[in-house]
Amino acid sequence: MTSQTRLTMPIGEAMFSQRAIRKLRPDPIPVEDIHTLLDAAVKAPNGGNHQPGRFMVVTDRALLQQFGALYHEAWWAKRRDREKWSSKADIPPGSQYQHAAQLADEMKDAPAVVLVCAPRGTAAPSVLPSAQNLMLAARALEIGSVLTMLHPQVDERVRALFRMPADVEIFCCIPLGYPRGKFGPTTRLPTAKTAFFNAWGAPPPWS
Ligand SMILES: Cc1cc2nc3c(=O)[nH]c(=O)nc-3n(C[C@H](O)[C@H](O)[C@H](O)COP(=O)(O)O)c2cc1C
Numbered sequence: 002m003t004s005q006t007r008l009t010m011p012i013g014e015a016m017f018s019q020r021a022i023r024k025l026r027p028d029p030i031p032v033e034d035i036h037t038l039l040d041a042a043v044k045a046p047n048g049g050n051h052q053p054g055r056f057m058v059v060t061d062r063a064l065l066q067q068f069g070a071l072y073h074e075a076w077w078a079k080r081r082d083r084e085k086w087s088s089k090a091d092i093p094p095g096s097q098y099q100h101a102a103q104l105a106d107e108m109k110d111a112p113a114v115v116l117v118c119a120p121r122g123t124a125a126p127s128v129l130p131s132a133q134n135l136m137l138a139a140r141a142l143e144i145g146s147v148l149t150m151l152h153p154q155v156d157e158r159v160r161a162l163f164r165m166p167a168d169v170e171i172f173c174c175i176p177l178g179y180p181r182g183k184f185g186p187t188t189r190l191p192t193a194k195t196a197f198f199n200a201w202g203a204p205p206p207w208s
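If you're matching positions, the sequence shown starts at 2 in the working numbering and goes up one per residue.
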């Protein structure tokens, strides 16, 4: 069976139920499934088909423990910079940041993490479609995922942990695992509000 033939979930079902899964079971992900996710990732469009994306897969428990601590530091550094929060008591009740804070605590326990990387200076649009392909393929295999980002404060230490050269940039970090909870649906603005036809602000025919 190839990666292509393993991904049999209808694309609509995958897209409409793929959501941020932050609570992960500790069960390991079979390596052939990880292979399928990476096969899907590299099929993504990218400028000039130069294929700059590189994917650092981490499954080693000792490395994940160390990475988890750095992710936790990065997540709180972002909250400090953007919201001026310094502890969970600062997060408004009911905010989805509560869940993100829990992921920051639990990243160390994720069965696997993929760092989506490329040569420093690569345009993000040439890299991020691969992350979405990877997450949709994960959904098709009942594997939860969420796109997250790091913070410059930990960049050097993360790259040192995985022996990554200085000219490699980490675009995002995707924990993977079987969900504690359920996939989709997601809540998004209606396309009548987000799509225009032929002129900015002109409503689409279905609005
Ligand atoms: C650029 C980007 C950065 C994100 N950073 C984080 C993050 O640091 N931590 C986190 O838990 N989720 C992060 N997310 C996930 C978003 O919060 C999530 O995609 C969004 O809230 C929609 O969630 P849903 O698909 O479950 O509705 C990020 C997503 C994107 C696209």
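Think of the CB as a built atom: it goes at the ideal place given N, C-alpha and C, for glycine as much as any other residue.
Inset, instruction - For Leu116, I'd like the list of residues in its chain whose CB is within less than 6 Å of its CB, leaving aside the five on either flank, ordered along the chain. - result: In the same chain as Leu116, and ignoring 5 residues on each side of it, the C-beta atoms closer than 6 Å to its own belong to Met57, Ile171 and Cys174, in chain order.
Legend entry - Cross-strand partners of Val58 (DSSP beta bridge): According to DSSP, Val58 bridges with Val115.
Inset, instruction - Check Ser146 in the structure and name its three-state DSSP category. - result: In the displayed model, Ser146 falls within a strand according to three-state DSSP.
Inset, instruction - Could you check what DSSP says for Phe17 in three-state terms: helix, strand or coil? - result: It is helical.
Legend entry - Endpoints, beta strand (DSSP E) assigned at Val32: Judged by DSSP secondary structure, Val32 falls outside any beta strand (DSSP E) and instead within the alpha helix (DSSP H) spanning Val32 to Val43.
Inset, instruction - Figure out for me which residue from Phe68, Gly13, Leu38 and Gly95 has the closest Cα to the Cα of Thr6. - result: Nearest C-alpha to Thr6 among Phe68, Gly13, Leu38 and Gly95: Leu38.
Inset, instruction - Give the straight-line distance between the Cα atoms of Met150 and Asp106, rounded to the nearest whole angstrom. - result: Counting only the Cα atoms, Asp106 lies some 15 Å from Met150.
Legend entry - Straight-line Cα distance separating Lys109 from Ala70: Between Ala70 and Lys109, the C-alpha separation is close to 7 Å.
Inset, instruction - Within its chain, find whatever has a CB closer than 7 Å to the CB of Ala138; leave out the 5 residues flanking it on each side and keep chain order. - result: Cβ contact annotation for Ala138 (same chain, cutoff 7 Å, sequence separation greater than five): Leu8, Thr37, Leu38 and Ala41, in chain order.
Inset, instruction - Give every residue of the same chain whose Cβ lies closer than 7 Å to the Cβ of Gln66, excluding the five residues on either side of it in the sequence, and list them in chain order. - result: Sequence-distant partners of Gln66 (beyond 5 residues in either direction) whose C-beta falls short of 7 Å from its own C-beta, in its chain, are Lys109.
Inset, instruction - Using three-state DSSP, classify Glu107 as helix, strand or coil. - result: If DSSP states are grouped into helix, strand and coil, Glu107 belongs with the helices.
Inset, instruction - Give every residue of the same chain whose Cβ lies closer than 6 Å to the Cβ of Gly54, excluding the five residues on either side of it in the sequence, and list them in chain order. - result: Taking Gly54 as the centre and dropping the five residues before and after it, the same chain places the C-beta of Ala119, Val128 and Ser131 closer than 6 Å to its C-beta, in chain order.
Inset, instruction - Indicate, with yes or no, if ligand 1 has a heavy atom lying under 7 Å from the CB of Ala15. - result: Checking every heavy atom of ligand 1 against the Cβ of Ala15, none is found closer than 7 Å.
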